[in-house]
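Residue numbers (the working numbering): 564 to 744.
Think of the CB as a built atom: it goes at the ideal place given N, C-alpha and C, for glycine as much as any other residue.
Computed from a predicted structure; not experimentally measured.
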Amino acid sequence: MPEQRDWLVRGVVRGVHGVRGLLKVRLSTDFPERVLEATELTLRYPDGRIEPHRVERITAYREGVLLKLAGVDDRNAAEAFRGVELVAAVDELPPLGPNENYWHELVGLRVVCEDGTEVGTIAEILRTGSNEVYVTEVPSATGRSTRPGPLIPAIPEVVLKVDPAAGVVTIRPLPGLLDED
């Protein structure tokens, strides 16, 4: 029986571009430059298959990349990749420096103020021009679902401590950050 591995989704094929087999990929990775430099990418198909593919060309495009895989030479062949995920084995990710975390380590963590006030849970992370932003969600009034919470700028003045082992990010909100309108 093959070894079970944890996979990190780096992007998803959202469509095709042109008639020569280019794939439009929306990236969801904290290190897009690693995708842009890749000579081989690992793909996970909707049926669960995981296969490596040689990259012929990759260029930045809007919110992602245009990707040309070896052997995918026309629009029809490219269409078969719609919905396929670009993945990386978690156990093969390069180590980060102190006080650095991969996005997948942050999603799902509780966000609390330094006084213990609950803010929400990190649902996703956005890359902006100057810094990352933690998109939070909070329980709805019924508690059976969630609703959007505050957007937390991931800057040293706001994020005091990130503790994935404890499942908590501690913040000191800027004035007005948590005000509800």
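Counting only residues of its own chain and dropping the five nearest sequence neighbours on each side, PRO702 has a CB closer than 7 Å to the CB of THR709. Close CB contacts of TYR624 within its chain, under the 8 Å cut and outside five residues either way in sequence, are with HIS580 and LYS587 (chain order). Spanning the alpha carbons of ILE718 and ALA651 requires a straight line of approximately 27 Å.
Residues of the same chain with a CB within less than 7 Å of the CB of GLU700, apart from the 5 flanking positions on each side, are GLY683, THR684, ALA686, THR709, ARG710, PRO711 and GLY712 in chain order. Look at GLU619 here: in three-state DSSP terms it is strand. When C-beta atoms of the region 604-612 are compared with those of the region 688-698, fewer than three pairs fall below 8 Å, so the two segments do not count as touching. Its chain contains LEU672, ARG673 and VAL675 as the residues whose beta carbon lies nearer than 7 Å to that of VAL731, once the 5 sequence neighbours on both sides are disregarded; these appear in chain order. Leaving aside the five residues that flank LEU723 on each side, the residues in its chain whose CB is nearer than 7 Å to its CB run, in chain order, GLU677, THR733, ILE734 and ARG735.
Listed in chain order, the beta strand (DSSP E) runs fully inside the region 665-708 are 673-676, 681-690 and 695-702, counting runs of at least 3 residues. Taking every protein chain shown into account, the CB of GLY627 has 16 or more other CB atoms within 10 angstroms, so this residue is buried. LEU599 sits in a helix when the DSSP states are folded into three classes. Assignment of ALA641 by DSSP, reduced to helix, strand and coil, places it in the helix class. Proximity to PRO615 across TRP666, ALA633, LEU737 and LEU669 peaks at ALA633, based on C-alpha coordinates. For GLY627, the enclosing beta strand (DSSP E) covers residues 627-632.
Here GLY578 is bridged, per DSSP, to LYS587.
In the DSSP secondary-structure assignment, LEU659 is not bridged to any residue.
By the Cβ rule, the region 590-597 does not count as touching the region 634-644, because fewer than three pairs are nearer than 8 Å.
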